[in-house]
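Enquirer: Residue numbers (our numbering): 175 to 282. I have a structure I would like to understand better, so I am pasting it below and will then ask my questions one at a time.
As structure tokens, this is what we get:
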């Protein structure tokens, strides 16, 4: 399961994953800011794992550089999602368009 969000300067991914063959599960937080996880969160996810005969839970945090995130396209690229949420050509177009728009004033 993955929940992600991204915009200029901000990106975050929460992932719950069953690691096949190892009977382990993993919570991953990958983002532009450190997330303080209260003890009740891993306890709840361990309970979910026990429902599926898992033995343990690893909790991992990975940092993404805020300066690298100029658009939601950059967020998609740097968060390294496990599945495809957008066609690779579309992602390339989004990131290319963002580079062209840098320094251009947008009137709304």
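Note that CB positions come from ideal geometry on N, CA and C, so glycine has one too.
Would you tell me roughly how many angstroms separate the C-alpha atoms of residue 240 and residue 267, rounded to the nearest one?
Expert: Cα to Cα, the separation comes out at about 21 Å.
Enquirer: Going by C-alpha to C-alpha distance, which of 185, 191 and 183 sits closest to residue 175?
Expert: That would be 191, whose Cα lies nearest to the Cα of residue 175.
Enquirer: Output the distance between the C-alpha atoms of residue 205 and residue 264, rounded to the nearest integer angstrom.
Expert: Residue 205 and residue 264: Cα-Cα distance of roughly 22 Å.
Enquirer: Measuring CB to CB, does residue 189 end up less than 7 Å from residue 230?
Expert: Cβ atoms of residue 189 and residue 230: not closer than 7 Å.
Enquirer: When we look at the beta-carbon of residue 262 and count the other beta-carbons within 10 Å, is it buried (16 or more) or exposed?
Expert: So residue 262 counts as exposed.
Enquirer: Can you give the Cα-Cα distance for residue 213 and residue 202, rounded to whole angstroms?
Expert: The straight-line gap from Cα to Cα measures roughly 15 Å.
Enquirer: Residues in its own chain within less than 7 Å of residue 243 by CB, not counting five upstream and five downstream?
Expert: Around residue 243: 180, 182, 183, 184, 185, 206, 249 and 252.
Enquirer: Using the beta-carbon count (16 or more within 10 Å), is residue 245 buried or exposed?
Expert: So residue 245 counts as buried.
Enquirer: Which residues bound the alpha helix (DSSP H) around residue 134?
Expert: Residue 134 cannot be examined here, being either before or after the span of the chain that is shown, 175 to 282.
Enquirer: Taking the alpha carbon of residue 195 as the point to measure from, which residue in 226, 258, 273 and 222 has its own alpha carbon closest?
Expert: Nearest option by C-alpha distance: 226.
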